[in-house]
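If you read the sequence shown in this note's numbering, its first letter stands for residue 6, the second for the next number, and so on.
The beta carbon of each residue, even a glycine, is placed where N, CA and C say it ideally should be.
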Amino acid sequence: MTEDNNPKWRAARELISQFGLTEWPDYVIKELLIAQGRRLHTPEDYEQLKDDIKTWLKDFPVKAWKLENRNLTLDSFNDWSKKELVRRVGELQQLSQGTLAASDQTLDPARQQRMQDRLKQQGPTQEPIIAFQKPDGLELMEGWHRTQQSLALFPEGYPARIWVGYT
């Protein structure tokens, strides 16, 4: 596996072993623990990642991960994720209408446009999102841009691959 030669990957794997999460899928580790801005350059970065893992384990004590194919709509998500998705889509609409001040832009408009163009040309992406299964629906953790644009283009639902963490 090429990730074995990557020091960031090895460091994340060591932390996963420390926390007993050796059954977490490689994709989830890479996307959720490494790609989410944790660059693992300094000792402080390692400590921050440890704190993040502790928080996730407390809030989402995942016992199993499963790669699933589901038809997603806004109602597939829990209340928090729905609210956040609606907020972000609203900001995108304001941004496109020019009514959102540059300082208020919490979204990456260029990335959003690239994702929208890709989805229009190729249809729903096969790249998985990552979510925790909560009693009231999926809590989205990774794949926000894909999900926002997919829901905007396919509001009646679209086929998606999801790494689902079950508690």
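Considering only the alpha carbon of each residue, which of Thr172, Thr60 and Arg119 lies closest to Ala136? Thr172
What residue from Glu132, Ala69 and Arg75 has the CA that sits closest to Gly162's CA? Arg75
Anticipated Cβ contact below 8 Å, Ile167 with Pro129, distance rounded: That belief does not hold up - the Cβ atoms of Ile167 and Pro129 are roughly 12 Å apart, past 8 Å.
Take Gln23 and list the residues in its own chain whose beta-carbon comes closer than 7 Å to its own, dropping the five residues that flank it on each side. The same chain holds no residue with a CB closer than 7 Å to that of Gln23 once the five nearest residues on each side in sequence are set aside.
Less than 8 Å between the CB atoms is what I'm expecting for Trp29 and Trp70, so what's the real figure, rounded? Contact holds; Cβ gap of about 6 Å.
As assigned by DSSP and simplified to three states, the class of Gln138: strand
Where Leu143 falls: helix, strand or coil (DSSP): Leu143 sits in a strand when the DSSP states are folded into three classes.
Count the other CB atoms, across all protein chains shown, that sit within 10 Å of the CB of Ala165; report buried if there are 16 or more and exposed otherwise. buried
Reducing DSSP to helix, strand and coil, say where Ser108 ends up. Confidence in Ser108 is poor, its pLDDT being 48 and thus under 50, which makes the residue's placement unreliable; the coordinate value appears in the next sentence. Here Ser108 sits in helix by DSSP.
Does DSSP classify Ser155 as helix, strand or coil? helix
Could you pull out every residue in the same chain whose Cβ sits closer than 8 Å to the Cβ of Pro160, ignoring the five residues on either side in sequence? Thr78 and Leu79
Could you spell out where the beta strand (DSSP E) holding Ile167 opens and where it closes? Tyr163 to Tyr171
Just to confirm before moving on: does the CB-CB distance between Lys63 and Leu20 stay below 8 Å? no
Given Asp141, which residues of its chain have a CB within under 8 Å of its CB, disregarding the five upstream and five downstream residues? Asn83 and Asp84
Starting from Lys71, trace the beta strand (DSSP E) both ways and give me its first and last residue. Ala69 to Leu77
Contact under 8 Å by Cβ, Val94 with Ala157: yes
CB contact flag (Gly170, Gln138, <8 Å): Contact: yes.
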